[in-house]
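Student:
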Amino acid sequence: MRSNDRLRTLWRGVAGPAPTRGVDFDALATRISMDGALALRARARWPRVAVAVGMAAVAVAVLAVSIMPTHRQATLLAAVSGGDAPAREFEVAVVGPRDGAWVIAAAIGADR
Amino acid sequence: MEPARVRTDLEAEASAALVAEESALVERVQGGDSTAYDVLVRRYIRRAFTVAFRLLGHREDAEDLVQETFMILLRQIDDFELGRRFGPWMYRILINRGLNARKSRALRRTEALPDDVMGAEAPDLAVERAEVRARFRSALGSLPPRQRIVIELIELDGLTRVEVGEALGISDATVRWHVHEAWRTLRRILAPLVRR
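Quick mapping for you: the protein sequence lines, in order, are chains A and B.
The opening residue of the first sequence carries number 1 in the numbering used here; numbering runs sequentially from there.
The opening residue of the second sequence carries number 1001 in the numbering used here; numbering runs sequentially from there.
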């Protein structure tokens, strides 16, 4: 391992330590710590935010169910196929490009 | 008691105390304590930078890698096994990210060593040193990335084989094999330097 020793000496002589001169470690550490503090704060807030979002979603769902009409409105498709025609309001159901074009034409006629 | 035995016992005690202290710090970070995180960052930032620089060879890239590593550590802090040393865990993430970055990123040119490392020396000596340095750089470039980081951490940064093994998540036998293979390659390529 003699040649290792010789090479090692040469290597250490020219490689030197990683150049730390000019690196502001204090500023770098402060920047990392500040980012970390923000991340930790967000982490601590996350469960509360999740609960709030969950509660809001449940409230919206309850409201939507409560205002949902109890009987089905007559639809244009039903009118076309022999059911009740809507007075003023109607729906347009697009089944496919060709059927969609046909349904829109029928909707204009029913509205008049 | 034999002096060597006493020293080993003292080292083991110091290591156990360090593990306990760092586990307590990590536990505080897991609970959201940013002061404890700051302590860990400041304790390891210089060593992390040294390894990052070895991997990337560029100061700004090394700083970015250190910053990225500490943010990953924070995201994965709940995975840290209390009772283990923080350093190897940090090095493992740093080295894996660094090796990936080196592969995927088109790195800026490797930074030349600054004057404080080169020193003020006679021009002919400086030229010779530059030549030796270039030969080493070229020889190291021919090593597989993991082998290169193993040999550099041990020979230049003074990490022990155990520390390197823990950092890279490889066994002591694998570290020894990497060291052996790296030296074999370096000896072969740099033989003319030794014969001078």
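Heads up, the beta-carbon is just placed ideally off N, CA and C, and yes, glycines get one too.
As the structure is a computational prediction, the values presented were derived from the model and not from experiment.
Counting C-beta neighbours from all protein chains within 10 Å, is the total for residue 1015/B 16 or more, i.e. buried, or is it exposed?
Tutor: Label assigned to residue 1015/B: exposed.
Student: Identify the contact partners of residue 20/A in chain B, using a Cβ-Cβ distance below 8 Å as the criterion.
Tutor: Per Cβ cutoff of 8 Å: 1046, 1049, 1050.
Student: Going by the CB atoms, is the gap between residue 14/A and residue 1136/B shorter than 9 Å?
Tutor: Cβ atoms of residue 1136/B and residue 14/A: closer than 9 Å.
Student: Would you say residue 50/A reaches chain B, if we count a Cβ-Cβ gap shorter than 9 Å as a contact?
Tutor: It does not; no Cβ of chain B falls within 9 Å.
Student: Under a CB-based cut-off of 9 Å, is residue 1070/B close to chain A?
Tutor: Yes, residue 1070/B counts as interfacial toward chain A.
Student: Okay, do the segment 1181 to 1193 of chain B and the segment 1074 to 1094 of chain B touch, 3+ Cβ pairs below 8 Å being the bar?
Tutor: Segments in contact, no.
Student: Examine chain A for any beta-carbon lying closer than 9 Å to the beta-carbon of residue 1053/B, and answer yes or no.
Tutor: For residue 1053/B, the answer is yes, since a Cβ of chain A falls inside 9 Å of its Cβ.
Student: Secondary structure at residue 1156/B, three-state DSSP: helix, strand or coil?
Tutor: Three-state DSSP puts residue 1156/B in coil, outside helix and strand.
Student: Please report the straight-line C-alpha distance between residue 88/A and residue 52/A, rounded to a whole angstrom.
Tutor: Caution applies to residue 88/A, whose pLDDT of 48 falls short of 50 and renders its modelled position unreliable; the model cannot decide the point.
Student: Considering only their Cβ atoms, is the gap separating residue 58/A from residue 1059/B smaller than 9 Å?
Tutor: No. Outside cutoff.
Student: Please return the same chain residues whose Cβ sits closer than 6 Å to the Cβ of residue 1085/B, not counting the five positions on each side in sequence.
Tutor: Excluding sequence neighbours, residue 1085/B sits near 1019.
Student: If you reduce the DSSP assignment to three classes, tell me which class residue 34/A lands in.
Tutor: Residue 34/A: helix per DSSP, three-state reduction.
Student: Within 10 Å of its beta-carbon, does residue 1069/B have 16 or more other beta-carbons around it, so buried, or fewer, so exposed?
Tutor: Per the 10 Å Cβ criterion, buried.
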